[in-house]
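All remarks here apply to the structure that follows.
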Amino acid sequence: MAKFYPYLTPELREFIVQQHIFFVATAPQQGRINLSPKGIDTLRCLSDHALAYLDLTGSGNETSAHVQENGRITMMFCSFTAQPLILRLYGQGHIYRPRDAEWPQMYDLFPATPGARQIISIDIESVQTSCGFGVPLYDYAGEREMLTAWAQGKGDLGLQEYWSSKNQFSIDGLPTNLLKNGSN
Numbered sequence: 293m294a295k296f297y298p299y300l301t302p303e304l305r306e307f308i309v310q311q312h313i314f315f316v317a318t319a320p321q322q323g324r325i326n327l328s329p330k331g332i333d334t335l336r337c338l339s340d341h342a343l344a345y346l347d348l349t350g351s352g353n354e355t356s357a358h359v360q361e362n363g364r365i366t367m368m369f370c371s372f373t374a375q376p377l378i379l380r381l382y383g384q385g386h387i388y389r390p391r392d393a394e395w396p397q398m399y400d401l402f403p404a405t406p407g408a409r410q411i412i413s414i415d416i417e418s419v420q421t422s423c424g425f426g427v428p429l430y431d432y433a434g435e436r437e438m439l440t441a442w443a444q445g446k447g448d449l450g451l452q453e454y455w456s457s458k459n460q461f462s463i464d465g466l467p468t469n470l471l472k473n474g475s476n
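Here the working numbering is used: position 70 in the sequence shown is 362, and no number is missing along the way.
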């Protein structure tokens, strides 16, 4: 039932655009595998071979640490509607931070969102679809506003302090390089 593609077809790109949630998986050479759900308006198809998402401040920063260590990243999209489908993208990730020269161009792809800490892109090496017949049906009820409200309440200085205390290392001790020399 699984099919592999060398790139995203127009139909698969349209499927991605319709999803309200996606999942990102990474793993270090040694340590814990990370699997994170993502939402809000944070995902963009850049081409048939690339995607990027705006990574918002969270309790950890595993994806960044893992991508910097080995580059490997997998994204999964899953239909919860009547038309079942699971889509996995395998590839190499790249991190863009506000201090990077590419940041303004990349950040302009997204709506300004409180708590934006970095952009993670994936250069797609392989695309896989599978049936999704066992995935239950769910109705989309809307976006949660708690994360962006929390970030807005923290303000720029509060976010910098949070990044410094909570987002500098993965749970396995790998550096995220989110802040250089104590500043962004």
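Beta carbons are placed, not taken as given, at the ideal position from N, Cα and C, and that holds for glycine.
Put simply, the region 410 to 418 touches the region 379 to 394. At least three CB pairs are less than 8 Å apart.
When DSSP states are grouped into helix, strand and coil, Val427 belongs to the coil group. Looking at the backbone, the Cα of Ala317 and that of Gln452 are separated by about 25 Å. No residue range can be given for Arg324, since it is assigned to no alpha helix (DSSP H) and is classified by DSSP as neither H nor E.
Contact check for Asp347 against Tyr299 fails: the beta carbons are separated by 8 Å or more. Between the region 463 to 471 and the region 347 to 364 there are three or more C-beta pairs closer than 8 Å, enough to call the two in contact. Residue state for Ala443 is assigned as helix, using DSSP reduced to three classes. Per the DSSP secondary-structure output, Pro467 pairs in a beta bridge with Phe461.
Going by DSSP, Phe307 is part of the alpha helix (DSSP H) stretching over 302 to 310. When DSSP reads this structure, Asp347 sits in a beta bridge with Gln410.
Sorting Phe372, Leu379, Tyr454 by C-alpha distance to the C-alpha of Ile416 places Leu379 at the top.
As the crow flies, the alpha-carbon of Pro406 is around 20 Å from that of Phe314.
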